[in-house]
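Here the sequence shown is numbered in the working numbering, starting from -19 and rising by one per residue. Note that the Cβ used here is the ideal one computed from N, Cα and C, for glycine as well. Notes follow once the structure below has been shown.
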Amino acid sequence: MAVSQRLGDRLFLSAAQFGVWAGQQLGPADARFNCGVCYTFEGPATEDPAGTDSPGALDVAALRRAVAGAVAESETLRLRFTEEDGSPRQYVRPPGAAPEGGGHDGEWLHTVDLRRMPADAAEAEAERLMLADLGTPLDLAEDELSKQVLYLLPGGRSQYYLRYHHILMDGYGQFLYTRRLAALYAAYAAGTDPGPSPFAPLHKVLDETAAYAASPHRERDRAHWRERLAGVGPQTGLSGTDAEPAPSLLRRTVRLADEQADAVRATARELGVRWSAVLIAAAALYVRRMTSEDDLVLGMGVAARTGRFALATPSMVVNNLPLRLDAPLGATFAELVGQASRELAQVVRHQRYRAEDLHADLGLAGGTELFAGPMINVFSFDADLGFGDHLPRVRQLATGPVRDLMIDVYGPADGGHIRVEFEANHRTYDEAGLIRHQDRFVRYIGALLADPHRPVGHVGVWGEGEFEELVVGRAGVGRGVVGGVLSDLVEERVRVVPGAVAVVCGDRVLSYGELNARANRVARWLIGRGVGPERLVGVVLPWSVDLVVLLLAVSKAGGAYVPLDPAWPAERVGYVLEDAAPVLVVTSEELLGSVGREGLEVFSLDDVLAGSASFSDGDVVGAERLGEVLLS
């Protein structure tokens, strides 16, 4: 039986809140847990709508009253935190409590009038004030942990700004709170009754989470996750590096073209899945193409709400769980969408098992992160709220810490536009790189939707002119010749940036990790056929990704390769082979019958790759490598 989460007027913290508390204690001067959203209203704002010549003006008095009412109904906005006997506790101030600290004027909605400034300067000043506030660290025990401001701008515009510490509520909690705020405004502006509050006391939400923690459901969820993540390896970020979350983020939002959003939903209907599964599969494939990892683990934000109180009440209970997908390039997009849909259903079914506990179960405590790579959040509810006659434009300013890259997707469940927001850790990304990733991802969505039944390996991901940036800029090669044996140089790149692009040929791409693993398997196959120090391998092949694998494998086996141009006359090929006396020759299926001579083993490259598939992909050691022998 679960223990009550109340100690008199004190409440225990939810597991999600405790994680934020601990993170803030580790970085008390860090503002990364500050979250914020901005709603931009078009049209004039007035304290007295009845006395204005502008019908439909934003009623500032009604908005002020609505904010006060929403705070009175929502206990999480009135929380204060303390520490007792070395443990954090929280308590709720009375519904009529005024905000504490400066900058509030004793009101929950503070008004800043910028209408005397030039329009551009006013908007820039409002943006500066919001970002400065978001960048200000909050003391959980001393500061007011939420702030709501109405910026009055020239030209009949205004911006409502909400900032809150993540310990108060999560993204779904923000949606619940702002939805109620919009309903209260509509009622007060129209002079009608808004009806009873849908929110429950916070202790009932906490009791629900405690009941789950003490139930058999938790153990069943734990068993599911341990089985589902057996054998999972470390994940790689798109930048190829890892870093702690930064105090501030790079952020960019794009709206999918209407025809593209329609295609997302049409594909979902055709495949019998939710539209979110289509974009989750697209995101997973994009990460796969950038990292060359078939076995993908994307972090995914889940509401972790199944109880009726948590579903209805602003609070902090969100969870981040892994979405594991197998994404071979031979599969079709439709197949991977189906896989994503099934996997998503399992994540939702087991969504309440805490990520913190999962890390401990997997032995990842102490700094190692399961979610070191990209994460995805899908908000399939309508964030564009109507405030009476007003439909403000919403802009999320901050959602909390991001270790690598966060892909946030917003779209109503029943149709309409879809927004894709990228949030990136500026310690591992720059603004130009973020823009390229986001634009490339949006293009890739369109390419996948053009034919969902086509193998994804045949769907291009890069725009024209991007190869140089990918191969040279991102992988860090092509900037000068570095001495050393080829295989040693590749293995060093694997240690530094295993997910970075190593080889690009047409639409085929290999990362350093994938290139190295394949070459190791082929090297062992070659060693088994006598290739080693002072032994040569004839190579009669056109340029391809697999040719690079073969040449690296010869180096790893300790041998040397003799390159022969497939366009050479047969007599010249025969002369070079007779003079070089290689142990064996590797060629294409088409040339098998024309390059052989008596006593010489000739293999097709396809047979070599197939024959080596079962060998170990660990690095080959102990062989002396000769390099390339050129004969003319």
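Three-state secondary structure assigned by DSSP to residue i
{"i": "R232", "result": "strand"}
{"i": "Y165", "result": "helix"}
{"i": "I398", "result": "coil"}
{"i": "A25", "result": "strand"}
{"i": "M296", "result": "coil"}
{"i": "E87", "result": "coil"}
{"i": "A544", "result": "The sequence given here places Leu at residue 544; Ala does not occur at that position. Of the three classes helix, strand and coil, the one that applies to L544 here is strand, per DSSP."}
{"i": "G491", "result": "Before going on, a small fix: residue 491 reads as Ser here, not Gly. Three-state result, S491: strand."}
{"i": "R375", "result": "strand"}
{"i": "S126", "result": "strand"}
{"i": "S256", "result": "helix"}
{"i": "E448", "result": "Bear in mind that a pLDDT of 46 at E448, under 50, signals an unreliable position, so the model cannot answer this."}
{"i": "M149", "result": "coil"}
Euclidean distance between Cα positions of residue i and residue j
{"i": "R268", "j": "G136", "result": "47 Å"}
{"i": "L371", "j": "Y19", "result": "9 Å"}
{"i": "S596", "j": "L532", "result": "16 Å"}
{"i": "Q376", "j": "V422", "result": "19 Å"}
{"i": "V374", "j": "G(-1)", "result": "28 Å"}
{"i": "L120", "j": "G81", "result": "13 Å"}
{"i": "A335", "j": "P68", "result": "20 Å"}
{"i": "D28", "j": "A170", "result": "13 Å"}
{"i": "S126", "j": "H145", "result": "6 Å"}
{"i": "I260", "j": "P174", "result": "37 Å"}
{"i": "E250", "j": "V258", "result": "11 Å"}
{"i": "V481", "j": "V520", "result": "26 Å"}
{"i": "L516", "j": "L309", "result": "33 Å"}
{"i": "L428", "j": "E105", "result": "42 Å"}
{"i": "A148", "j": "G16", "result": "Checking the sequence, you will find Leu at residue 148 rather than Ala. Roughly 12 Å between the two C-alpha positions."}
{"i": "F313", "j": "Y424", "result": "11 Å"}
{"i": "Y537", "j": "V212", "result": "The sequence shown places Ala at residue 537, not Tyr. Their Cα atoms are separated by approximately 29 Å."}
{"i": "W505", "j": "E570", "result": "22 Å"}
{"i": "D10", "j": "D123", "result": "14 Å"}
{"i": "V253", "j": "L530", "result": "42 Å"}
{"i": "L118", "j": "N14", "result": "8 Å"}
{"i": "V234", "j": "N357", "result": "15 Å"}
Unbroken beta strand (DSSP E) run spanning residue i, endpoints
{"i": "R143", "result": "R137 to H145"}
{"i": "V519", "result": "L516 to V520"}
{"i": "V439", "result": "From DSSP, V439 is part of no beta strand (DSSP E); its letter is neither H nor E."}
{"i": "Y390", "result": "L385 to Y390"}
{"i": "L305", "result": "N299 to D306"}
{"i": "S67", "result": "S67 to V72"}
{"i": "E55", "result": "Neither: E55 is in no beta strand (DSSP E) and is coded neither H nor E."}
{"i": "M280", "result": "D275 to V282"}
Buried versus exposed call for residue i [16 or more other C-beta atoms within 10 Å across all chains shown]
{"i": "D39", "result": "buried"}
{"i": "T247", "result": "buried"}
{"i": "G598", "result": "exposed"}
{"i": "R231", "result": "buried"}
{"i": "A547", "result": "exposed"}
{"i": "S574", "result": "exposed"}
{"i": "S256", "result": "buried"}
{"i": "V601", "result": "exposed"}
{"i": "Q70", "result": "buried"}
{"i": "Y555", "result": "exposed"}
{"i": "W637", "result": "The requested residue 637 is not part of the displayed model; the chain covers only -19 to 612."}
{"i": "Q139", "result": "buried"}
{"i": "S(-6)", "result": "buried"}
{"i": "G343", "result": "exposed"}
{"i": "T408", "result": "buried"}
{"i": "L6", "result": "exposed"}
{"i": "S535", "result": "buried"}
{"i": "G396", "result": "exposed"}
Short CB-CB distance (under 8 Å) between residue i and chain D
{"i": "A170", "result": "Judged by its chain identifiers, the structure shown contains no chain D, having just a single protein chain."}
Proximity below 8 Å, CB of residue i to CB of residue j
{"i": "P294", "j": "L156", "result": "yes"}
{"i": "L43", "j": "L89", "result": "yes"}
{"i": "M270", "j": "L303", "result": "no"}
{"i": "V297", "j": "D410", "result": "no"}
{"i": "V476", "j": "V483", "result": "no"}
{"i": "R160", "j": "E53", "result": "yes"}
{"i": "S491", "j": "P478", "result": "yes"}
{"i": "A41", "j": "A25", "result": "no"}
{"i": "V389", "j": "V400", "result": "yes"}
{"i": "V282", "j": "V317", "result": "no"}
Residue i CB to nearest heavy atom of the ligand ADP below 7 Å
{"i": "A284", "result": "The ligand content of the structure shown is nil, which means the ligand ADP is not present either."}
Segment limits, alpha helix (DSSP H) that includes residue i
{"i": "P196", "result": "P196 to R208"}
{"i": "G426", "result": "E411 to A430"}
{"i": "L316", "result": "F313 to R329"}
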